[in-house]
Ligand SMILES: [Zn+2]
């Protein structure tokens, strides 16, 4: 079957209920934060799920991982406040050891059925290497694949984790998956108006930023590069999967 390649285009659809699922505190703020800021300011309701609390996100083996986890949760909650999230959930799985297992998928299905999002945003789980100079963290891939597997088929299948249905958490179809940091983006959200809020959110992750100015410049560059594909000042790029 020959399908025409999707032409990258400006995406103006706005999901009403949005769930972002990531591995670590800060992933979502390096990722689609400006889109979330835009959508929440236009009326969407958003929740953020961090599978780990980033307890291995340092360079010092003597650092207390639990203390670091607490600090990073505080940083993430402060960051989320810049973007309009109504809730941040931490699943407290071990940083560096995240697995896309049944237990994680069950937790995600429970959250999806409680919140009933129209769209789930997560990283593109198929990306392993970027520009032959970067390996996508194993936790990123695990969290993203678990999110995809939770969306389809588990959240919409009443017989998957049947005890959840019996608890009253009815099956819920999520119609859109927005995959960020993809090497095959198909849609672009204009975030020219909310880049500043993204950068303010990012600055809250002080424990992770060696050189905040350099990071800020790099993120502006990425957004400008994505924006140039569709003729706007700044954009977030997504590989959009539509599941009907
Ligand atoms: Zn990460």
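Residue numbers (this note's numbering): 401 to 644.
The beta-carbon is built from N, C-alpha and C at its ideal position, and this holds for glycine as well.
Cβ separation of residue i and residue j, assumed to be a contact under 8 angstroms, to the nearest whole Å
i	j	result
residue 438	residue 593	7 angstroms
residue 444	residue 470	Not a contact, Cβ separation roughly 29 angstroms.
residue 640	residue 587	5 angstroms
residue 547	residue 520	6 angstroms
residue 550	residue 524	Actually they do not touch by this definition, with Cβ atoms about 16 angstroms apart.
Residue i Cβ short of 8 angstroms to ligand 1 heavy atom set
i	result
residue 539	yes
residue 528	no
residue 605	no
residue 427	yes
residue 423	yes
DSSP-derived helix/strand/coil call for residue i
i	result
residue 491	strand
residue 482	helix
residue 436	helix
residue 401	With a pLDDT of 46 at residue 401, under the threshold of 50, the modelled position of that residue is not reliable, and the figure given next carries that caveat. The answer is coil: DSSP assigns residue 401 none of H, G, I, E or B.
residue 414	coil
residue 635	strand
residue 474	helix
residue 599	helix
residue 503	helix
residue 468	helix
residue 461	coil
residue 497	coil
residue 446	strand
query = Which runs of the beta strand (DSSP E), 3 residues or longer, sit entirely within the region 506-570?
reply = 519-523
query = Counting Cβ pairs closer than 8 angstroms, one from the region 557-575 and one from the region 588-604, do we hit at least three?
reply = no
ask   = Should the region 483-498 be called in touch with the region 528-540, which here means at least 3 C-beta pairs below 8 angstroms?
value = yes
request  = Evaluate the contact criterion for the region 425-442 versus the region 472-486: three or more CB pairs, one atom per stretch, below 8 angstroms.
outcome  = yes
query = Does the pairing of the region 558-574 with the region 451-466 give three or more beta-carbon distances under 8 angstroms?
reply = no
Contact between the region 461-480 and the region 517-537 (3+ Cβ pairs under 8 angstroms) = no
query = Is the region 611-618 close to the region 583-590, with three or more CB pairs under 8 angstroms?
reply = no
ask   = Three or more beta-carbon pairs under 8 angstroms between the region 514-526 and the region 619-630, yes or no?
value = no
ask   = Of all the beta strand (DSSP E) runs that stay within the bounds of the region 570-631, which reach a length of 3 or more residues?
value = 576-580, 587-590
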